[in-house]
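For the sequence shown, this note's numbering begins at 87 and goes up steadily by one.
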Amino acid sequence: MAGALTLLGAAAPRTLMAPAADNPRGFWESHVVMVLDDVLLAEAGSSWSDWRRLLRTPDPAAARDRIVRALTDEFGDAGTIVLKDPRMCRLFPAWRGAMEQAGYHPLIITPLRHPSEVAASLVARNSISREQSLRLWLRHVLDAEATSRGLPRHFMRWSSFMADWRAEVALINGRLGTALAPTAGDDGAGIDAFLTPDLHRQRDEAPTPALVAQAWSVLGDLARHGEHPDLHAALDALRRSVDQAEDLFPDAP
Numbered sequence: 087m088a089g090a091l092t093l094l095g096a097a098a099p100r101t102l103m104a105p106a107a108d109n110p111r112g113f114w115e116s117h118v119v120m121v122l123d124d125v126l127l128a129e130a131g132s133s134w135s136d137w138r139r140l141l142r143t144p145d146p147a148a149a150r151d152r153i154v155r156a157l158t159d160e161f162g163d164a165g166t167i168v169l170k171d172p173r174m175c176r177l178f179p180a181w182r183g184a185m186e187q188a189g190y191h192p193l194i195i196t197p198l199r200h201p202s203e204v205a206a207s208l209v210a211r212n213s214i215s216r217e218q219s220l221r222l223w224l225r226h227v228l229d230a231e232a233t234s235r236g237l238p239r240h241f242m243r244w245s246s247f248m249a250d251w252r253a254e255v256a257l258i259n260g261r262l263g264t265a266l267a268p269t270a271g272d273d274g275a276g277i278d279a280f281l282t283p284d285l286h287r288q289r290d291e292a293p294t295p296a297l298v299a300q301a302w303s304v305l306g307d308l309a310r311h312g313e314h315p316d317l318h319a320a321l322d323a324l325r326r327s328v329d330q331a332e333d334l335f336p337d338a339p
């Protein structure tokens, strides 16, 4: 998604993470941002692989200068930028304030990938258990959804984007008021060549535990129908259930 957005006119960060065997087209993530977010998570008593609530929320004012500096270093004076890092799901309140201070107007695009596929990817790449992977998925998507409310945003199924990116971009433009489009004369051929079927790895929609399945269902409704208080309330209830499970199993990795 992030790579496609750069082909639709948005600026990528200057220090891209290098491609890897499991992601040969690249991650389209900033190495500088990744390192900063690891530091912010550590300062909050957490890490990327910790599914528990943050022990200490990073102080937005204390983090702001570092974030603004990272934005300046990575994007200069670019107008529309692509900013992607999974850790940001946990740290978005700090990032949101810093982006707004730096003059950006955040627009949220959240690709939703089936949790079984996410788990299969993490098991293969990071050698962690499926259960821990599903806990991480839950915490990341629920935190990201809650802390981005009130901003213009678009949730979408990853499989839908891969099947018809033009339809999804039309929905993004309609919901977010953007004007994303391929470069003149390209007519999307560059994105067609970029989004080949081999990018959809770990095709697996195996059944998941009830909390995971319920979150996937509600987020799917959010993608299909857009914002609604009932969906927000359902996601809040799920997040409370995850918090309660954490209280019962604080030693679970």
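Where is the CB? At the ideal position from N, CA and C, for every residue including glycine.
Item, Value
"Where A106 sits in the DSSP three-state scheme", "strand"
"L262 vs W137 beta-carbon contact at 7 Å", "no"
"CA-to-CA distance, L281 to L193, given in whole angstroms", "22 Å"
"Residue range of the alpha helix (DSSP H) that includes M87", "Run containing M87: none; DSSP gives neither H nor E here."
"In DSSP terms, what P238 is bridged to", "DSSP, once it has assigned bridges, lists no residue as partnering P238."
"Own chain, CB closer than 7 Å to G89, minus 5 neighbours either side, in chain order", "R111, G112, W114 and F280"
"Every unbroken beta strand (DSSP E) within the segment 214-279, with a cutoff of 3 residues, ordered by chain", "239-243"
"Three or more C-beta pairs below 8 Å linking the segment 291-304 and the segment 211-230", "yes"
"Check whether V298 and P201 have beta carbons under 7 Å apart", "yes"
"Touching by the beta-carbon criterion (3+ pairs, under 8 Å), the segment 300-312 and the segment 234-250", "yes"
"Inter-residue CB distance, L208 and L127 (contact presumed, cutoff 8 Å)", "So it is not a contact: roughly 17 Å between Cβ atoms."
"Residue environment, R182, which counts as buried when at least 16 other CB atoms sit within 10 Å", "buried"
"Contact belief for S116 with T101 at Cβ below 8 Å, rounded distance in angstroms", "6 Å"
"Same chain only: Cβ atoms within 8 Å of V168, ignoring 5 sequence neighbours per side", "A88, L91, T92, A96, A97, A98, P99 and W114"
"Neighbour-count burial assignment, P144, 16 or more Cβ in a 10 Å radius", "buried"
"Classification of E313 by the beta-carbon crowding that lies within 10 angstroms, buried from 16 upward", "exposed"
"Neighbour-count burial assignment, A301, 16 or more Cβ in a 10 Å radius", "buried"
"C-beta atoms of P179 and T233 nearer than 7 Å", "yes"
"Backbone secondary structure at T101 - three-state DSSP", "coil"
"Assigned exposure category for F335 - 16 Cβ within 10 Å defines buried", "exposed"
"Residues of its chain near S133, where Cβ-Cβ distance is below 6 Å and the 5 sequence neighbours each way are ignored", "L127"
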